[in-house]
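In our numbering, the protein residues as written are 898 to 1697.
Where is the CB? At the ideal position from N, CA and C, for every residue including glycine.
One structure below.
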């Protein structure tokens, strides 16, 4: 493994505004003036003062020049971090499928890669030539598109230079294949020479002429240019088609010329599963390709199914085996993408090569996860059959992570059926292992797909398991993708919220009115100036004076409250409320105190923004943009589709006064960014956090950099404003992965654990009014399949 290197360089340098050469010239000129003045004074018969004055003048001149030069000792620390190339291989159950042989060429390609007894040099050469011409064609199209735009001329010139190198490479490959065909196949040789001649005599000169026209400024997007470029494209497409036809003919010739051993080898490889083919391929390229890459960059190797596992060493077959102890049945493409994102945080990832059959069959959406990898190149190598085989698949099953009790749970999925025309499929919905609904689907074509939607009333509080399954069909490829599972947390009762602000800002007013109308929220509000106001249940409240007082609420929302109101003692209580009791604190920035008055106090470390001023905050206006991470959460999706939701935030939530404390910490998750002016995306130094949050202990702190979400009401009533805050409230309480009631809750920190991993369990006892219950003795019993597995005595956290 290549190690990171740190190099420290110390050097003497001049940091002044004037270059050293100018200062030397100025010193010579002024020095000459001092000499001339000294000579003049000597002529005036003042011999005693002249030396003293000369020394003082020279000293003053030296000091001034020294100050202007600003000499410093510069220390430069250079950290060199090696780049990383990641190889990830699919090891899920679907990789055990044996694909039918589509053509002779495909069978020979796989066999020649893994068995030295199968020689296919000409076939490999034809494939390489077709690939290089395809690369040239795609890059040529990009170059022509860039050349037609005046602002991209420089990019077009660089791109055309690259096209020229690909043209030369393809020319050499065609000539090499033609030379090899001289020894084996006369007909193939003649066709290859024709393709090579057209490429060398027509394509290469035309591309060079186009590049010269661009360099000389003669490029034009008129029909005369488009005619030449279209001719080149047609020649390239025809060359690729001819090479593929030659490859198929070459494979047939190899099959006819090969002996018994050759045919037996092909038959043996035709019976290999996708996993066995991939293992053989990876073992073959490990020393030839991956090993060479590892000498220049760090190489990471992973396998994945429903989760990712690291592969140590250079062997692939054993780690990817279906017989390994932790083998998973499902394919989750979000798992490797998540691993890449985590690795990119501590490494510079140059490329990711992902081998998979693409049979993603869990509810997580890999498209949303891939949106956060915009700076990391990911190359997908698809495996399997290009012609879909007989199979029924349930995929993209989705449901809300949490709902309130007695609300509807909407469960959606996609059902695909390949080569199953005329079949009747029965799709069942199971809730906690009991069939509660079913739909009958008639497959009307060989390439059939349809969306599914089930609706269930959420009656049982806690974590509910939902399963979708469909009846298998005869001779189906695999039955592992005929089902999908989901978990939905049903939150019992009401969410208790505390809302407080110093002044009746619009954000406070609309939130209070919203909570009044929402039967799922029980809130208490405090308006400090001009008068205090109490919300339902109708009593006037004040700032809680104890940790238990704060703990009565599951969410605390604080506006621009003066520092004299939230004393250091209150801040310590809030800090413990979040970190130890797992509460959620929502802070809405203001001009007076929030968060500036609290950044240096007990709450400072809990806030997801830096205690440094944002120099961009003095811009005249900002617009709000949903970040890549923001698209992965339901909180920011205020409309039914992503595009409309993004448009609502960008066009209707305009920010004229963004808090100067809007620089996110490295630990913060940014869901909405504030972009100044007309910038289109949150990138580089232009990013400021409008909505962000961070984990702090067992709880979370959410931060809004401007009190303007009420603008979602403009022209649309309370639809989107209500939806945003409702989804935010559900997110605040649904992070608790557990079950129970309003008085007893069992909470774990996640839903899945590795074998041998400790499972921390928190038991929360509360009175019906939300106040914590202490000084109780109880046991926590772990039960599996009805049998107790372990009993742990719960200990009270006296500091919580």
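Query                                                                                                                                                                                : Result
In angstroms, rounded to a whole number, what distance separates the CA positions of residue 1572 and residue 1504?                                                                  : 21 Å
Run through DSSP, which three-state label would residue 1573 get?                                                                                                                    : strand
If contacts are defined as beta-carbon pairs under 8 Å, then residue 1376 and residue 1418 qualify, I think. What distance do you get, rounded to the angstrom?                      : That belief does not hold up - the Cβ atoms of residue 1376 and residue 1418 are roughly 45 Å apart, past 8 Å.
Let me know the secondary structure DSSP gives residue 948 once reduced to three states.                                                                                             : helix
So, at 6 Å on beta carbons, what are the nonlocal neighbours of residue 1070 in its own chain, with the 5 sequence-adjacent residues on each side left out?                          : 1025, 1026, 1029
From residue 1524 to residue 1568, what does the alpha carbon distance come to, in whole angstroms?                                                                                  : 6 Å
What does a CB cutoff of less than 6 Å around residue 1434 pick up in its chain, not counting 5 residues either side in sequence?                                                    : Low per-residue confidence applies at residue 1434: pLDDT is 38, beneath 50, and the placement is therefore not dependable, though the value from the model is reported in the following sentence. So the list is empty, once near-sequence residues are dropped.
State the Cα-Cα distance for the pair residue 1688 and residue 1679, rounded to the nearest angstrom.                                                                                : 6 Å
Less than 8 Å between the C-beta atoms of residue 1344 and residue 1258, yes or no?                                                                                                  : no
Go through the region 1490 to 1564 residue by residue and report every complete run of the alpha helix (DSSP H) that reaches 4 residues or more, in order.                           : 1539 to 1549
I need the DSSP call for residue 1452, collapsed to helix, strand or coil.                                                                                                           : strand
Using 8 Å as the Cβ pair cut-off and three pairs as the minimum, do the region 1584 to 1597 and the region 1461 to 1481 touch?                                                       : yes
Report yes or no: do three or more beta-carbon pairs, one from the region 979 to 993 and one from the region 1151 to 1158, lie closer than 8 Å?                                      : no
Counting only the same chain and skipping the five closest in sequence on each side, list residues whose C-beta sits under 7 Å from that of residue 1180.                            : 1213, 1214
What does the Cβ neighbour count give for residue 1624, buried or exposed, with the cut at 16 atoms within 10 Å?                                                                     : buried
Is it right to say residue 1582 is buried, meaning 16 or more other beta carbons lie within 10 angstroms of its own, or is it exposed?                                               : Confidence in residue 1582 is poor, its pLDDT being 43 and thus under 50, which makes the residue's placement too unreliable to answer from.
Please return the same chain residues whose Cβ sits closer than 6 Å to the Cβ of residue 1585, not counting the five positions on each side in sequence.                             : 1511, 1513, 1559, 1571
Provide the residue(s) that pair with residue 1396 in DSSP beta bridges, ordered along the chain.                                                                                    : 1422, 1454
CA-CA distance, residue 1019 and residue 1093?                                                                                                                                       : 15 Å
Using only alpha-carbon positions, find the residue among 985, 1183, 1164, 1052 that is nearest to residue 1240.                                                                     : 985
Take the Cβ of residue 1553 as the centre, count every other Cβ of all protein chains shown within 10 Å, and call the residue buried at 16 or more, exposed below.                   : exposed
Okay, do the region 1393 to 1403 and the region 1438 to 1453 touch, 3+ Cβ pairs below 8 Å being the bar?                                                                             : yes
What's the C-alpha gap between residue 1589 and residue 1518?                                                                                                                        : 19 Å
Who are residue 1111's beta bridge partners in DSSP?                                                                                                                                 : Answer is none; residue 1111 lacks a bridge partner.
Where do the ends of the alpha helix (DSSP H) carrying residue 1025 lie?                                                                                                             : 1018 to 1044
Short check: CB of residue 1312 to CB of residue 1349, under 8 Å?                                                                                                                    : yes
Please report the Cβ distance between residue 1314 and residue 1322, rounded to the nearest whole angstrom; I am assuming they are in contact, meaning their Cβ atoms lie under 8 Å. : 7 Å
For residue 1194, which of 1186, 1201, 1200 has the nearest alpha-carbon?                                                                                                            : 1186
Going by the beta-carbon positions, is the gap between residue 1339 and residue 1316 smaller than 8 Å?                                                                               : no
By Cβ distance below 6 Å, which residues in the same chain neighbour residue 906 in space, the five residues on each side in sequence not counted?                                   : 973
Give me, in chain order, the residues of the same chain whose beta-carbon lies closer than 6 Å to that of residue 1232; leave out the 5 immediate sequence neighbours on both sides. : 1201, 1204, 1205
Any idea which residues DSSP pairs residue 1159 with across the strands?                                                                                                             : BP columns for residue 1159 are empty, so no partner.
For residue 1288, collect the residues of the same chain with a Cβ closer than 6 Å to its Cβ; drop the 5 residues on either side in sequence, then sort them by chain order.         : 1315, 1373, 1374
Across the region 1261 to 1275 and the region 1299 to 1306, are there enough close Cβ pairs to call them in contact, namely three or more that are closer than 8 Å?                  : no
Pull the bridge partners of residue 1589 from the DSSP assignment, please.                                                                                                           : 1567, 1600
State the start and end residues of the unbroken alpha helix (DSSP H) segment that holds residue 1068.                                                                               : 1050 to 1078
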